[in-house]
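One structure is given here, and the rest of the page talks about it.
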Amino acid sequence: MSDTVATAPRRNSSGFTVARIVFDWGPPALTFVIVAVLWQLVAINNPYVLPTLDAIGNSLASDPGMYWANLLVTCQEVVIGAGAGIICGFLLAVAMSELPIVEKAVMPLIVVIMVTPVVAIAPALVVAFGFGMLPKYIVTGLVVFFPMLVNSLAGLRDVDQKALDVFKTLHASRWEIFRDLRLPGCMPFVFAGLRIAMPLAVVGAAVAEFVAAGQQAGLGSLVTIAAAQANLPVTWASIALLCLLGVLLVSLLALLRKRLLWWSDEDVIGR
Amino acid sequence: MPAVSHLQSTRTAYPDDIGVEVSNVTKSFGGDESRVTVLNGVSLTIKKGEFVSLIGPSGCGKSTLLKLVAGLSEANGGSVSINGKSVREAAKDKAIGLVPQSPALLPWRTILDNVSLPISINPGANAGRKLRDPREILQSFGLGHALDRYPAQLSGGMQQRAAIARAFVFDPEILLMDEPFSALDEMNRDQQRMGLLDFWQSNRKSVLFVTHSVPEAIILSDRIVLMASHPGRIAEIIDVDLPRPRNEALYATDAFRDLEGYVRSALRKVMEAARV
C-alpha cells in the first residue's frame, strides 16, 4: 500500500524577483497613473468639477487632526454597527437552520424589511433616536444584516450529505453536528457574506451621517457640509478617506480569510 | 480447503454469532399512485466477522438496503437488528462504521484529526470499547507519512483509505461500505481493494459491502448477495469458498475464474429477467 502524493506542496520557485514584482504590480499601477493624469487634466481645466490631486493632498496635510477625528467616528460606527449586524445576522441564521419554525415565523418579516430602502429608514430613525450615534449604528447594522443572514443560512444548509451520514451513524448530537460539521463548513459562505457586507458597512455609516449632517462628526457628515460650501478639496479628501476605509476593511478580511479558510480554496498550498 | 473449515469451526464456537439480521424488510418511496417498491421481503444474516457483498443491477436497492442497516432510512416493514439490538440502539453504542461512496473527509481537519473524529463524537459510547490509536491505524493503512496533511493534499485513493481508517478506528461491530472504490481508476481501485483485504483479514469485522464489480466482490467476500430489481429483492446468495488469507494471486486461479464466470452468468440472468 504505497502510492505517491498526488498534490505535492506547490511553491513559488521564482520568489520575489524584480520581474515578478513588475509583472504583478505593473498593470494595476499603470491604470492608476492613467486615471490620475486624466483627473489632473480635468481638474486643472475645470476647477468647479474636480479639485486637483495636490489640492486634496494639501487639505489632508494642513489639518490631519480634523480628518483623523472624523475618520475615527466613522470607524466607530462601522465597528459597532456592522459588528452587531454581523453577529445578529449570523445568530439568526443559526436559529433558522436549527429550528425551521423560526424561519417560518420570521422570514416574511425579513423580506419586508429587506426590500425597504435603508436610506429611506435613516431619517425616520434620526427622528426616533435623535442625532446621537444610535441611529447610525442601527443603519449600519441593518445594511450588513441581510447579506450576513442570507449567506450564513446558505452555508449552514450546504452541508456535505455523506459526511452528515457518517455523523448520524455515530449518533452525533445536534450540537456535535453543528460544532464539527455545520459551523466550520459554513465559513466560506460567511466570508462571502462579509465580503459583501464590509463595503456596505461604509456605505451605511456614510448614509446615516448624511441624514444628520453637522450634528455629529464623521466623514459622511464632512462630505455633506463641505459639498454644501462648495469646498471640493475637503469633500474629495473625505471621500478618499471613506474609500480608504473600505479598502482597508476588505483587505483585512482577505488576509483573515487566507489564514482561516485556505482549505476551501481550489488548490491547497502546502504549509 | 483447510482455511475454510478452520473459519467455520471458529464461527460455530460462538452460539450468538449473528452480527446483522435483516428480516423480511420492505421499503417503498412515493405516494399511493406513484408508489415504487424498492425492497420487497429482503432477509439476510451477516455473521460476526463475515464479509458480505451486495451486487446487482442499478436500481436493485442495494444502497437502500445499506442505508436501512446504517439507520439513515426507515423500513416500511420488517426489521433490522445489529447484535440483537435495534439499529437506533446500535448507533447509540457506536456499533456502526460507515464508509460512504465519497470519502467525505472534513477538508478543514488534518488526516489524523479526521480519523480521530469518531472517537470524539458521542464519547459516552466509548466506555468498554477497544479504541484504536488513530496514528497506528493510519500507519497500517500506509498513511503514516500523511498524518498532518489535509484531505485536498492527498490522492483520491489515499482519501478513501483514510475514510476506511476512520470507520475502523472506533472498533464498530459492523462496517457498511457503499461502493467505496467506485470513484477511483481501475489500477488504484485494485490497490485499495488489496489494502482493505489485508487490513480486514487481520481485523475481522462484519462487513456489508455494496459493489458493482464482480471480481471485487469475489476477492473480498465470504458470501455474495445477488440482488434483482423491480422490485429489489435477493435473487441468490453465493458462497465464496476460496481459502483465506487471500491476495492478488487468487485472481489467476481456476477456482476464482470459475466463480467469476458463475457470478457473471447469474447476474446476466437477473438482468435479462428484469428486461422481460
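Line by line, the protein sequences are chains A and B. Per our numbering, the very first residue in the first sequence carries number 50; after that it's consecutive. Per our numbering, the very first residue in the second sequence carries number 398; after that it's consecutive. The beta carbon of each residue, even a glycine, is placed where N, CA and C say it ideally should be.
Query: As assigned by DSSP and simplified to three states, the class of A:Ile380; Result: The requested residue 380 of chain A is not part of the displayed model; chain A covers only 50 to 320.
Query: Span separating the alpha-carbon of B:Ala564 from that of B:Val477; Result: 20 Å
Query: Short Cβ contact (9 Å threshold) for B:Ile635 with B:Leu623; Result: yes
Query: Cut-off 8 Å between Cβ atoms - residues of its own chain near A:Val98, not counting five sequence neighbours on either side; Result: Val91 and Ala92
Query: C-alpha gap between A:Leu87 and A:Ala276, whole angstroms; Result: 22 Å
Query: At least three beta-carbon pairs within less than 8 Å, the stretch 169–188 of chain A to the stretch 149–157 of chain A; Result: no
Query: Exposure label - B:Val484; buried when at least 16 CB within 10 Å; Result: buried
Query: Beta-bridge partners of B:Ile621, as assigned by DSSP; Result: B:Ser450 and B:Ile635
Query: Whether B:Gly446 touches B:Gly416 by CB criterion (9 Å); Result: yes
Query: Supposed contact pair A:Met236 and A:Leu293 - C-beta distance, whole angstroms, cut 8 Å; Result: About 27 Å separates the two Cβ atoms, so there is no contact after all.
Query: Start and end residues, alpha helix (DSSP H) containing B:Met584; Result: Glu583 to Ser599
Query: CB contact check: B:Ser517 to chain A, cutoff 9 Å; Result: yes
Query: Exposure of B:Gln405, with buried meaning 16 or more beta-carbon neighbours within 10 Å; Result: Here the model assigns B:Gln405 a pLDDT of 43, short of 50, so the residue's position is not dependable and the matter cannot be decided.
Query: Cross-chain neighbours of A:Phe216 in chain B, by beta carbon under 8 Å; Result: Ile518
Query: Outcome for B:Phe426 when other beta-carbon atoms lying within 10 angstroms are tallied against a minimum of 16; Result: exposed
Query: Given 8 Å, three or more beta-carbon pairs between the stretch 130–148 of chain A and the stretch 197–206 of chain A; Result: yes
Query: Buried or exposed by the 16-neighbour rule on C-beta atoms within 10 Å, applied to B:Thr461; Result: buried
Query: Residue interval of the beta strand (DSSP E) (run including B:Leu610); Result: In the sequence as presented, Leu is not what sits at residue 610 of chain B; that position holds Ser. Where B:Ser610 is concerned, there is no enclosing beta strand (DSSP E), given that its DSSP letter is neither H nor E.
Query: Inter-residue spacing [alpha-carbon to alpha-carbon] between B:Pro504 and B:Arg546; Result: 10 Å
Query: Cβ-based neighbour list, A:Val192, same chain, cut-off 6 Å, excluding 5 preceding and 5 following; Result: Val167, Leu249 and Gly253
Query: When B:Ser450, B:Leu514 and B:Leu605 are compared against B:Leu396, the one with the closest alpha-carbon; Result: What the structure shows of chain B is the stretch from 398 to 673, and residue 396 of chain B is not part of that stretch, so it cannot be assessed.
Query: CB contact check: A:Glu225 to chain B, cutoff 9 Å; Result: yes
Query: Cβ-based contacts, 8 Å cut-off: residues of the stretch 198–222 of chain A near chain B; Result: Asp209, Lys211, Ala212, Asp214, Val215, Phe216, Lys217, Thr218, Leu219, His220, Ala221 and Ser222
Query: Candidates A:His220, A:Val155 and A:Gly242, of which the one nearest A:Ser131 by Cα; Result: Checking the sequence, you will find Ala at residue 131 of chain A rather than Ser. Nearest option by C-alpha distance: A:Gly242.
Query: Sub-9 Å separation of A:Gly295 and A:Glu126 beta-carbons; Result: no
Query: Buried or exposed (CB count within 10 angstroms, at least 16 for buried), A:Ile162; Result: exposed
Query: Close-in-space but distant-in-sequence residues of the same chain around B:Val611 (CB under 8 Å, 5 per side omitted); Result: Ile452, Glu657, Val660, Arg661 and Leu664
Query: B:Glu533 classed as buried or exposed, judged by whether at least 16 other C-beta atoms fall within 10 angstroms; Result: exposed
Query: First and last residue of the uninterrupted alpha helix (DSSP H) at A:Leu183; Result: Leu183 to Arg206
Query: Residues in the stretch 97–110 of chain A having any Cβ partner in chain B nearer than 8 Å; Result: none
Query: C-beta neighbour in chain B for A:Leu230, strict 9 Å; Result: yes
Query: Interface flag, B:Tyr547 vs chain A, CB-CB below 9 Å; Result: yes
Query: Three-pair Cβ contact test at 8 Å for the stretch 206–223 of chain A versus the stretch 492–508 of chain B; Result: yes
Query: Interfacial residues, the stretch 590–615 of chain B to chain A, with Cβ spacing under 7 Å; Result: Gly592
Query: Backbone secondary structure at A:Asp316 - three-state DSSP; Result: The pLDDT assigned to A:Asp316 is 47, lower than 50, so where the model puts this residue is not dependable; a value taken from the coordinates is nonetheless given after this. Correct three-state label for A:Asp316: coil.
Query: B:Ser460: contacting residues in chain A (beta-carbon distance under 7 Å); Result: Ordered by position in chain A, no residue passes the 7 Å Cβ test against B:Ser460, which lies about 11 Å from the chain.
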